[in-house]
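Residue numbers (this note's numbering), protein chains in the order written: chain C, 3 to 338; chain X, 3 to 338.
Protein chains: 2
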Amino acid sequence: MDIREIAKRAKVSTATVSRTINRVPTVDPQLAKRVWKVVEELGYYPNTQARALVSGRTRIFGLIVSDMTNPFFPEIVQSFEDIAVEHGYEILLTSTVHDPKRMEGSVRRMIERRVEGVAILTFGMEESLLEGLRFRKVPLVFIDVGPPLPHVCNIRIDYQRGIRQAVQHLAALRHERIGFIAGPLHLPSAVTRKAAFESSLREIGMPIDPDLILQGDHTMEGGMRAYDELAKKSARPTAIMCSNDMTAIGVIREAYERGVSVPQELSVIGFDDIRLSRFFIPPITTIQMSQVEIARLAFKALVTEVERETPSSKGTEYVLNTDLVLRKSTAMAPQK
Amino acid sequence: MDIREIAKRAKVSTATVSRTINRVPTVDPQLAKRVWKVVEELGYYPNTQARALVSGRTRIFGLIVSDMTNPFFPEIVQSFEDIAVEHGYEILLTSTVHDPKRMEGSVRRMIERRVEGVAILTFGMEESLLEGLRFRKVPLVFIDVGPPLPHVCNIRIDYQRGIRQAVQHLAALRHERIGFIAGPLHLPSAVTRKAAFESSLREIGMPIDPDLILQGDHTMEGGMRAYDELAKKSARPTAIMCSNDMTAIGVIREAYERGVSVPQELSVIGFDDIRLSRFFIPPITTIQMSQVEIARLAFKALVTEVERETPSSKGTEYVLNTDLVLRKSTAMAPQK
DNA sequence: CAATACGCGGAAAACGTTTACCTTCGTGGG
DNA sequence: CCCACGAAGGTAAACGTTTTCCGCGTATTG
Chain C
3 MDIREIAKRA
13 KVSTATVSRT
23 INRVPTVDPQ
33 LAKRVWKVVE
43 ELGYYPNTQA
53 RALVSGRTRI
63 FGLIVSDMTN
73 PFFPEIVQSF
83 EDIAVEHGYE
93 ILLTSTVHDP
103 KRMEGSVRRM
113 IERRVEGVAI
123 LTFGMEESLL
133 EGLRFRKVPL
143 VFIDVGPPLP
153 HVCNIRIDYQ
163 RGIRQAVQHL
173 AALRHERIGF
183 IAGPLHLPSA
193 VTRKAAFESS
203 LREIGMPIDP
213 DLILQGDHTM
223 EGGMRAYDEL
233 AKKSARPTAI
243 MCSNDMTAIG
253 VIREAYERGV
263 SVPQELSVIG
273 FDDIRLSRFF
283 IPPITTIQMS
293 QVEIARLAFK
303 ALVTEVERET
313 PSSKGTEYVL
323 NTDLVLRKST
333 AMAPQK
Chain X
3 MDIREIAKRA
13 KVSTATVSRT
23 INRVPTVDPQ
33 LAKRVWKVVE
43 ELGYYPNTQA
53 RALVSGRTRI
63 FGLIVSDMTN
73 PFFPEIVQSF
83 EDIAVEHGYE
93 ILLTSTVHDP
103 KRMEGSVRRM
113 IERRVEGVAI
123 LTFGMEESLL
133 EGLRFRKVPL
143 VFIDVGPPLP
153 HVCNIRIDYQ
163 RGIRQAVQHL
173 AALRHERIGF
183 IAGPLHLPSA
193 VTRKAAFESS
203 LREIGMPIDP
213 DLILQGDHTM
223 EGGMRAYDEL
233 AKKSARPTAI
243 MCSNDMTAIG
253 VIREAYERGV
263 SVPQELSVIG
273 FDDIRLSRFF
283 IPPITTIQMS
293 QVEIARLAFK
303 ALVTEVERET
313 PSSKGTEYVL
323 NTDLVLRKST
333 AMAPQK
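Spelled out as structure tokens, the structure:
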């Protein structure tokens, strides 16, 4: 069942059917009605492949995330999908699971399907792998780590703001030994978060103790290992900030295992504000970075870039705020 | 840059280029080499739309889930994606968020993109919406609720097995008042789980107290509400089984809120074995239903159906086991 | 040595749309 | 009253592949 079948039955040309379906205003309402009737009757759905082939527009955006099973991402994906569907776009989702091999496959598939833009939501990325996309002038949007290149947009995240709030919150609660569990330091965003932590300490005149700064890997297991490490030290921290919520969950989990109660004996702050952090025990004080907002910005960036007729020389820069949200995993530092 | 460009530069016909790329064995190795060289040099990637158009095979499977932000699903999606990619398929992911409107949109988009099969991983579904797919003879695979129709496969889940184990586990721990928080009872799978619970009680001669059987909605909030309800009763249960892990998390969360400690004062058992249940506090005893296995079965069902040359009259039935996995959220019933 | 068979590569049709261009018809102005 | 112009629908080319059908050349067999 194709457009010709419709044309025949409605006694018009395929051109008219096409125009009707695409709501070209010049087609006579009478005719249009006749066409629509046949379309409904036969349950005709246009073939997207054929459409894309001739029009050159696939209406597909690629979405690359690092790990679907990290709850941070599904929330973004969901929002992105919502917006995309609303605008008549489809999404091609791939997850890299931190594997360059898979990453390469992702990119290849995106190119083969002729996506019109790609949002790279993984924090950090083998840049060379994107050559193929850049070469074909596919608009890209990065979260946080976009190199300043044409057709490449960037959503910059103001980590400093939320992290400063968190540090000051802890300081106000009389914490003097604050630990920090960073993300994998080959990720630029992890580096930035760590730097923001250090500069926030400095700002209020607190010493930076390198012994209390560890590297995690943005997973629960990483958080558990890191706390294990910190607990062994002679001078334990009374508060720990984490580079993401999963790490914080791991820390709390390990503390529980060791009989250290949160927040009475240990304050913990996460980062991301995934939904779960509201429901964990105890509910986790964390730094919010709105997933809905990220999705919205990413989509907007791509659409803007796609619809721009005069090719821009530089990608646009977007900014996203972060804010501390207080829950139950922080409290006054224990008395010495 | 298209296949003709390659043909010209390699001084062969487009047919030969096509054959080379598709690894048709009859093409001379010498020629093939020449073609590949040009392909590499120019970074040529075949256009999937054109391919699909002429070959009639899109190599896309649709995946309909109810809610990406329920951690149960991303794990399935991830596995499904892995397998799909491995077999050269792409996946078109949509989530219905329990909204018939969105569901309808999903189906429409699947048909327009000409997916070769659809896995419906939402527990329960407006059957009428699938007419369009069935009409076009698109193979479908359901989890647990597939109607016995041609081209429709079904992954039946043996709830009974895991639930019986769980009930017997609780009985052995001397629990006499066991609560059950069901899923939304308009979902067939929720009904089945509840029925399995009841028949397991009956099997060991325990009374079924309708007062202890509540309806949740497979979310944390639902679990919290349900526990709130149960806690008000004069004769509280000493153990609660939940229709999924998120509900169990809600229950534990609410118990914590009320100062009821799990598992000392209350045993809780979940269902699904999402990754998180291993890391919650306390780690949750739950009934495992392997997400990897679900994904694998679903994919296998679709591929089998697609590749079958003689159209089958009936869809195949697959079976998935469930098993209790013991963690820390269950313990001996408190002394009266 | 001739005739048949077979392997391999090329020409061209086909897939289902969109769209540039053309035709036709009606209308308004000179 | 005739001509020109605009609106609206039709014809056909084009999109980038795969695949069928054919022809050519070489090898094999009688």
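Don't be surprised by glycine CBs; every beta carbon is placed ideally from N, CA and C.
On a predicted model such as this, the values are computed, not experimentally measured, just so you know.
- When only Cα atoms are considered, Ser108/C and Gln80/X end up about 14 Å apart.
- Contact of Ile145/X with chain C is not assigned, every C-beta pair being separated by 7 Å or more.
- Counting only runs that start and end inside the stretch 135–219 of chain X, the alpha helix (DSSP H) elements of at least 4 residues fall at 161–174, 190–205.
- In terms of beta-carbon proximity, Leu55/C lines the interface with chain X, with at least one pair separated by less than 7 Å.
- Annotation: Gly261/C has no Cβ neighbours in chain X at a cutoff of 8 Å; minimum Cβ distance is about 12 Å.
- Only residues of its own chain outside the window of five on either side were considered, and among them Tyr229, Val264, Leu268 have a CB closer than 7 Å to the CB of Ala257/C, listed in chain order.
- For the stretch 32–66 of chain C, the set of positions with a beta-carbon nearer than 8 Å to some beta-carbon of chain X reads Gly45, Tyr47, Pro48, Asn49, Thr50, Gln51, Ala52, Ala54, Leu55, Thr60 in chain order.
- Cβ contact annotation for Gln32/C (same chain, cutoff 8 Å, sequence separation greater than five): none.
- When C-beta distances to chain C are compared with 9 Å, the residues of the stretch 112–128 of chain X below that value are Ile113, Glu114, Arg115, Arg116, in chain order.
- Looking at Arg136/C, Leu131/C, Lys103/C, the one whose alpha-carbon comes closest to that of Gly119/C is Arg136/C.
- About 7 Å separates the beta carbons of Ile276/C and Glu77/C, which is inside the 8 Å limit, making them a contact pair.
- With respect to Val67/C, Ser97/C sits close: the two C-beta atoms are nearer than 7 Å.
- Under the three-state reduction of DSSP, Met243/C is assigned to strand.
- Listed as beta-bridge partners of Ser269/X by DSSP are Ala241/X.
- If you look at Thr28/C, you'll find it isn't in any beta strand (DSSP E); DSSP assigns it neither H nor E.
- The beta carbon of Asn246/X sits closer than 6 Å to the beta carbons of His220, Phe273, Asp274 from its chain, once the five residues preceding and following it are set aside; these are given in chain order.
- Under the DSSP assignment, Glu118/C falls outside any beta strand (DSSP E); it carries neither an H nor an E label.
- From the listed residues Glu88/C, Leu94/C, Ile157/C, the smallest Cα separation to Gly317/C is found for Ile157/C.
- Secondary-structure assignment with DSSP links Ser97/C through a beta bridge to Val67/C.
- The beta-bridge partner set that DSSP reports for Tyr320/C consists of Ile157/C.
- With its beta carbon at least 7 Å from every one in chain X, Pro265/C lies outside the interface.
- Taking the CA atoms as reference points, Tyr47/C sits about 12 Å from Glu7/C.
- In the three-state scheme derived from DSSP, where H, G and I count as helix and E and B as strand, Thr124/X is classed as coil.
- DSSP links Gln290/X through a beta bridge to Asp274/X, Asp325/X.
- Within the same chain, and ignoring the five residues on either side of Arg11/C in sequence, the residues whose Cβ sits closer than 6 Å to its Cβ are Val40.
- Chain X places no beta carbon closer than 7 Å to that of Glu256/C, leaving this residue out of the contacts.
- Remark: fewer than three beta-carbon pairs, one from each stretch, lie closer than 8 Å, so the stretch 229–244 of chain C and the stretch 129–143 of chain C are not flagged as touching.
- Note: Glu92/C is bridge-paired with Ile62/C in the DSSP secondary-structure output.
- Residue environment: Ser331/C is assigned as buried (16 or more neighbouring CB atoms within 10 Å of its CB, all protein chains considered).
- Contacts with chain X at 7 Å (Cβ-Cβ) do not include Gln167/C.
- By the CB criterion at 7 Å, Val87/X and Leu304/X fall outside the cutoff.
- Contacts between Arg21/C and chain X, judged by CB atoms closer than 7 Å, are missing: the closest CB pair is about 18 Å apart.
- Classified as exposed, His89/X has fewer than 16 neighbouring CB atoms from the shown chains inside 10 Å of its CB.
- Beyond the five residues adjoining it in sequence on each side, Ala168/C comes within less than 7 Å, by CB distance, of Met243, Ile271, Ile289, Leu326 in the same chain, given in chain order.
- Distance between Asn72/C and Arg204/X, taken at the CA atoms: about 40 Å.
- The beta carbons of Leu172/C and Ala241/C sit closer together than 7 Å.
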